[in-house]
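Scroll down for the structure; my scribbles are underneath it.
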Ligand SMILES: Cc1cc2nc3c(=O)[nH]c(=O)nc-3n(C[C@H](O)[C@H](O)[C@H](O)COP(=O)(O)OP(=O)(O)OC[C@H]3O[C@@H](n4cnc5c(N)ncnc54)[C@H](O)[C@@H]3O)c2cc1C
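Numbering (the UniProt record's numbering), first residue to last: 1 to 322.
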């Protein structure tokens with residue numbers, strides 16, 4: 001893989017995209033995965049990381065975030081790159097392959113596997129009075145290392161808010177966590193660590209509280225009917241994620257609403273472009289992780305054969321390989 005070229009480009013690092021990446025890379029190809037969010041995981045990472053999933057084969061009752069960790073671990077040692085914060089926007093022919101344009105430059109590949117799910121999971125915009133007055137307001141998970149030593153106000157009750165609070169404490173930030181309700185979402189271990197940090201005075205929790213607005217130096221809150229000022233160098237407003245398919249819906253894939261018609265093996269109207277997971281029309285109402293895995297395995301092997309015709313489509317059994 002070079003900085004611009006890989007054998008295969010996968011759009012989306014949800015379960016479909018990660019499993020497709022594994023399969024193509026395991027066949028010996030280089031695979032780059034473009035992911036709009038700040039981290040891999042698709043809906044599992046963005047919308048329900050704390051929930052248990054009971055119908056993923058081989059991982060009964062695992063939390064969604066754990067399912068993703070396993071998928072990422074399966075890429076270890078293979079020629080793969082997951083590029084986060086990268087929204088795929090354009091698709092153009094490049095020789096016998098394709099060029100995908102993003103905000104971070106363009107990438108070429110012999111084949112493209114579209115695993116865009118419900119769409120790019122982009123953070124909800126921060127709609128708070130005075131949001132433009134504060135110099136450092138963010139709406140997605142930051143790199144904690146970059147915020148060590150700073151006063152960070154985290155607003156939100158989503159699992160990402162609890163996780164950000166713990167990561168930032170560990171990075172040496174002074175953290176205040178606030179939410180309109182008293183309850184925070186997160187896996188029990190994280191919530192227990194939050195409570196321990198709060199009880200030890202390492203973390204300030206203001207909840208339930210109403211965020212009245214931001215100021216150049218922090219925020220005004222209403223807690224227990226009293227006005228409070230919270231100083232903050234950085235404000236993280238974590239309000240969850242909304243899917244946006246529009247970046248790829250201009251691609252000439254014969255879209256049917258939010259679905260791409262897919263033929264045998266996930267092939268699409270474009271030669272060398274496959275569709276898998278929730279975005280593939282053949283799954284219909286079956287928006288399931290297990291189906292995404294199956295589609296990804298089949299499409300990735302077809303794509304591998306397309307890029308390297310000397311590779312047979314059928315992968316053989318992994319148990320027979322070293
Ligand atoms: C609350 C909830 C609970 C669920 N529970 C279950 C369950 O128990 N069992 C089950 O089987 N299924 C469950 N599902 C459904 C399951 O999550 C989906 O079927 C699965 O995530 C589909 O995987 P995917 O990889 O196709 O898409 P997604 O998980 O949506 O991943 C697509 C990824 O592509 C990225 N992307 C999209 N467009 C672009 C672009 N232009 N550029 C770059 N990146 C892009 C997105 O940001 C996202 O990360 C649940 C869904 C929800 C919402």
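Quick reminder that beta carbons are idealized off the backbone N, C-alpha and C, glycines included.
- The three-state reading of DSSP puts residue 80 in strand, counting E and B together.
- About 20 Å separates the CB atoms of residue 42 and residue 60; that is not less than 8 Å, and the two are not in contact.
- In terms of Cα proximity to residue 236, the closest of 264, 284, 174 is 174.
- About 6 Å separates the CB atoms of residue 157 and residue 185; that is less than 8 Å, so the two are in contact.
- Residues 175, 197, 202, 203 of the same chain have their beta carbon placed closer than 8 Å to that of residue 169, with the five preceding and five following residues left out of the count.
- Here residue 27 carries a coil assignment [DSSP, helix/strand/coil].
- Boundaries for residue 268: no alpha helix (DSSP H) harbours it, and the DSSP string shows neither H nor E there.
- Put simply, the region 271–286 touches the region 16–23. At least three CB pairs are less than 8 Å apart.
- Within a 10 Å sphere around the beta-carbon of residue 293 sit 16 or more other beta-carbons, which makes this residue buried.
- Remark: the shortest separation between the CB of residue 13 and any heavy atom of ligand 1 falls under 8 Å.
- Exposed is the label assigned to residue 136, since fewer than 16 other Cβ atoms lie within 10 Å of its Cβ.
- Taking non-hydrogen atoms of ligand 1 into account, the C-beta of residue 290 is found less than 8 Å away from one of them.
- If you ignore the 5 residues before and after residue 4, its C-beta comes within less than 8 Å of the C-beta of 105, 106, 107, 108, all in its own chain and listed in chain order.
- Between residue 86 and the set 151, 182, 122, the nearest pair of CA atoms involves 122.
- Per DSSP, the unbroken alpha helix (DSSP H) holding residue 302 starts and ends at 289–307.
- Within the region 84–153, the runs of beta strand (DSSP E) at least 3 residues long that lie entirely inside it are, in chain order, 88–94, 97–102, 105–114, 120–123.
- Distances from the alpha-carbon of residue 286 to those of 270, 297, 98, 259 put 259 closest.
- In terms of side-chain proximity, the C-beta atom of residue 89 is found nearer than 8 Å to a non-hydrogen atom of ligand 1.
- Using a cutoff of 8 Å, the CB of residue 40 counts as near ligand 1, since one of the ligand's heavy atoms is closer than that.
- Just so you know, the alpha carbons of residue 301 and residue 313 end up roughly 5 Å apart.
- Remark: the shortest separation between the CB of residue 139 and any heavy atom of ligand 1 does not fall under 8 Å.
- Of all C-beta pairs linking the region 135–155 to the region 234–251, three or more are shorter than 8 Å, placing the two stretches in contact.
- Proximity of the region 129–144 to the region 297–311 falls short of the contact definition, fewer than three beta-carbon pairs being nearer than 8 Å.
- Ranking 218, 114, 199 by CA distance to the CA of residue 267 puts 114 first.
- In the DSSP assignment, residue 5 falls within the beta strand (DSSP E) that extends over 5–11.
- Runs of the beta strand (DSSP E) lying entirely within the region 182–260 and spanning at least 3 residues, in chain order: 203–206, 209–215, 218–223, 226–231, 234–237, 241–244.
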